[in-house]
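Following full-length UniProt numbering, the numbering of the sequence shown begins with 1 at its first residue and continues without gaps. Just so it is clear, CB atoms sit at the ideal spot from N, CA and C, and this is done for glycine as well. Accompanying notes for the structure given below.
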Amino acid sequence: MPRAVKLAYVSEDFHHPYRRGADPHGSTPQPWTSVPQQPPAPQQSPAPQRPPVPPASTIPTLAPPHGEPHNPASTLSPFPSPAPGLPPPTLSTPSLSSTPSSQPPHFHAREMFRDAKDFIVHNPQIINTSHEDSGMKQLLGYSMPGAFHDSGARYPPPKCHLGTRNDYIDLITNWALETSDRKEAILWMHGPFGIGKSAVAQSCAEALEAMNKLAAALFFRSNSDRDDPQRVFTSIAYQVAIVCPPFREIVSERMIEHPALATKSLSKQFEDLLVQPLSQVDIAGSGLNGRVVIIDGLDECRGTAEQCEIIKIIAASTHKRTTPFRWFITSRPEGPIIRTMSSPAVHPTRSRIELPVSRKIDHEILVYLTNEFKIIREDHGLPESWPSEEALALLVQRGAGLWIYVSAIVRFIKDENSLGPKDQLRIVLEFAKEVSAKVGLDNPLAEMDFFYTLIMQRVPLKIRITVQKILLIHSTMTRFPRVIATALCLSAEQLRRVCASIRSVMELQGSDLKHMCIKFYHASFLDFMKDPQRSRELSIHGDFLIGCRRELLEWLHQVCSHRTGTMFPEPI
C-alpha cells in the first residue's frame with residue numbers, strides 16, 4: 001500500500017476530488033510550494049469547445065517521501081488521464097480575485113493547498129483528519145471523564161475544609177515530592193466508610209496539580225458510570241496524554257491504528273496504552289518522572305477480582321520500573337484488597353496509612369460546623385447567637401469523628417424544602433438527644449443509620465413509596481432518570497419534586513429528563529436502603545420488593561386478559 005503523504009488543511013473553497021493518475025504533461029515533480037495566483041482569464045464568448053490546457057507548472061505534484069526514489073506513475077494529479085486525442089479537462093473555480101470578470105479564471109491547484117495541514121492523500125483519497133484529535137476522541141470514549149478530579153459530574157467534589165486534615169495532606173504530598181521517609185512507589189490509605197478518604201484524595205489532587213505533580217486522578221463511585229474496571233487504564237492514559245504532548249501523539253497514533261486496544265484485557269491495556277508509549281518518551285524532559293496517579297475508592301470499582309488485578313498490575317510495574325509514576329490508592333479495608341496489598345508480590349512496593357474513626361478530629365469537625373453555620377446565618381439573616389455553643393457541642397459529639405455524618409446534617413439543615421434552618425436544627429437536636437440513649441459511643445454506623453431513618457420518615461407516606469420505587473429501579477434496573485420516570489409515569493417536574501424530598505442524601509441534576517442524572521452524596525445511603533436489617537420497613541428490598549413484584553404481575557395479568565394495548569404500566 002502506498003505511503004500516506006500529509007498535506008495541509010485545504011481552504012473551504014476546495015471541494016474537488018482527487019484521482020490517482022500520471023501527469024498528462026510528463027512534468028518533472030516540483031517541490032510542494034505555493035505560486036502567485038494567475039490573473040483572471042480574459043472574457044471570451046461562449047463556444048462549445050474545451051478551455052485551454054493549463055501549463056504543467058500549475059498542476060500540483062508531490063515529491064516522493066524522503067529516502068524513496070521518484071516514480072512518475074505515482075505522481076498525483078487533479079486530472080484523470082486524458083483520452084487519446086483529447087486535451088485534459090481544466091479545473092476551474094470562481095475567481096478568488098477582487099478583479100471583476102465575466103468568466104471564472106483557471107484556479108491553480110497549488111494555491112488551494114497554501115497553509116495546508118491535517119489532510120492525507122492516501123490511495124487517491126483526501127481524508128480530513130487530525131491524528132491527535134481523532135485518537136484522543138477514541139480514547140476519551142473509552143474513559144470515565146465523570147470520575148476525573150475536576151469533572152463537572154462531581155461538582156462540588158468532597159474535599160477537606162480549610163484547616164482540616166492538614167496532617168494527612170502534608171504526609172501524602174511529602175511522599176509525592178519524595179521528601180518523606182516513605183520511599184515505596186505505592187501509598188495505600190484505607191479507612192471505613194464516611195471517614196473522609198475521598199475528601200483527602202481530592203485535596204491532594206488539587207495540591208499536586210498546582211505543583212505540576214499530578215499525572216491522573218480517578219474517583220470511583222458505585223451505582224454510577226464511574227465504576228467500570230475496563231476504563232481504569234484508558235482514563236489514566238487519557239489524562240497523562242493531556243499533560244504530556246509527546247505521549248499524547250504516540251497514544252493517539254496507537255488508538256487510530258488499533259481502536260480495539262481499549263477493549264483488551266487490563267494487563268494488555270496497561271502495556272499498550274501506558275508502558276509501551278512511555279518507553280518512547282523522554283521521561284526526564286517530559287516532566288512525568290515522579291508524577292502521581294490517584295485512584296480513590298478502589299473498593300467501589302465493579303468486581304473484587306478486578307480490584308485485585310488492578311493492584312497487581314500497578315505493583316508489577318513499580319517493581320520493574322516500567323512506568324515513572326507514584327500511585328496513591330484509597331479504599332475501605334475490604335478483605336480481598338487487604339490480602340492483595342499484603343501479598344509477597346505487592347507488599348514490598350507499597351506503604352500504608354490508616355484513616356480511622358477517631359475523636360481526635362473533633363476540633364476539625366467543630367471548625368467545619370462553625371464555618372457552615374456562619375454561612376447559613378448570613379444567608380438567612382439569623383442572629384450571631386445561633387446556634388448555641390451547647391448545640392454545636394452536641395453535634396460534634398454525635399458526629400463521633402464521621403465526616404459523612406456531619407456533612408449530611410449540614411445539608412439537612414440547609415434544605416430549602418423545609419420550614420427553615422432553625423426548624424431543621426431543632427429536629428436534628430431532638431434526634432441527637434434521642435439517639436444518644438440508643439447507640440454506643442463507638443458505633444458511628446448505627447448513628448448514621450438513625451439519621452438516614454430520620455430523613456426517610458420525614459418524607460410524606462405517598463411520596464415516600466415513590467421515592468422507594470425510584471431507588472429500587474435505580475439500584476436494580478437502570479440509572480437513567482428518563483427511564484425511571486417512564487416506568488413510574490412521572491413527568492420531569494414530578495420526578496424533581498419527589499427527589500427533592502431526600503435532597504440531604506441525593507441530588508437530581510439536569511433541567512429535563514433527557515439530561516437528568518441522579519447523584520448520591522455517599523454510597524452508604526443506598527447500602528442502608530438495600531439492607532432490611534438496617535432500614536427495616538423503609539428498605540427497598542424484603543417486603544417492599546415482594547410487593548412491587550406482585551403489583552407488576554397483576555398489571556401484566558390485566559394486559560394479557562383484556563389486551564388493552566397499553567404501552568407502559570400504571571405506576572407501580
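Helix, strand or coil at residue i [DSSP, three-state]
i, result
"K422", "helix"
"H541", "coil"
"I465", "helix"
"K519", "strand"
"S143", "coil"
"E384", "coil"
"P36", "With a pLDDT of 43 at P36, under the threshold of 50, the modelled position of that residue is not reliable, and no figure is offered here."
"S535", "helix"
"M341", "helix"
"R377", "helix"
"F450", "helix"
"S351", "strand"
"F185", "The sequence shown places Ala at residue 185, not Phe. It is coil, neither helix nor strand."
"H190", "strand"
"M529", "helix"
"residue 585", "Given that the chain is displayed from residue 1 to residue 572, the structure contains no residue 585 and the question cannot be resolved."
"A400", "coil"
"M506", "strand"
Spatial neighbours of residue i in its chain, beta-carbon cut-off 6 Å, leaving aside the 5 residues before and after
i, result
"F431", "L454"
"C301", "F220, D227, P229, Q307"
"K159", "A199, Q202, S203"
"H562", "none"
"I172", "C204"
"R248", "A241"
"P324", "I283, L288, N289"
"Y168", "V200"
Spatial distance of residue i from residue j (CA atoms)
i, j, result
"A316", "E257", "27 Å"
"W386", "R377", "8 Å"
"A485", "C548", "16 Å"
"I186", "L490", "48 Å"
"H149", "V293", "11 Å"
"S224", "S524", "14 Å"
"S331", "E354", "10 Å"
"E309", "M189", "18 Å"
"I195", "P348", "27 Å"
"D133", "A284", "26 Å"
"R231", "E384", "50 Å"
"E334", "D512", "38 Å"
"S235", "L526", "26 Å"
"T476", "M529", "13 Å"
"Q280", "T318", "18 Å"
"W175", "I427", "44 Å"
"K519", "Q276", "37 Å"
"I413", "D423", "8 Å"
Beta-carbon proximity list for residue i, same chain, < 7 Å, skipping 5 on both sides
i, result
"Y368", "H161, T164, V406"
"C517", "P481, Q509, G510"
"A237", "L139, V251, L273, L274"
"T340", "C308, I311, K312, V346"
"P145", "S151"
"I361", "G401"
Residue environment, residue i, which counts as buried when at least 16 other CB atoms sit within 10 Å
i, result
"M211", "exposed"
"K462", "exposed"
"H522", "buried"
"L471", "buried"
"Q468", "buried"
"Q457", "exposed"
"S191", "With the sequence shown as reference, residue 191 is identified as Gly, and Ser is not the correct amino acid for it. It counts as buried."
"C244", "buried"
"E389", "exposed"
"P344", "exposed"
"Y452", "buried"
"K197", "buried"
"V559", "exposed"
"H380", "exposed"
"A215", "buried"
"D296", "buried"
"G399", "buried"
"T179", "exposed"
Residues near residue i in its chain [Cβ-Cβ closer than 8 Å; skip 5 each side]
i, result
"P460", "S501"
*Whole beta strand (DSSP E) runs in the segment 244 to 330 with 3 or more residues, listed along the chain?*
292 to 296
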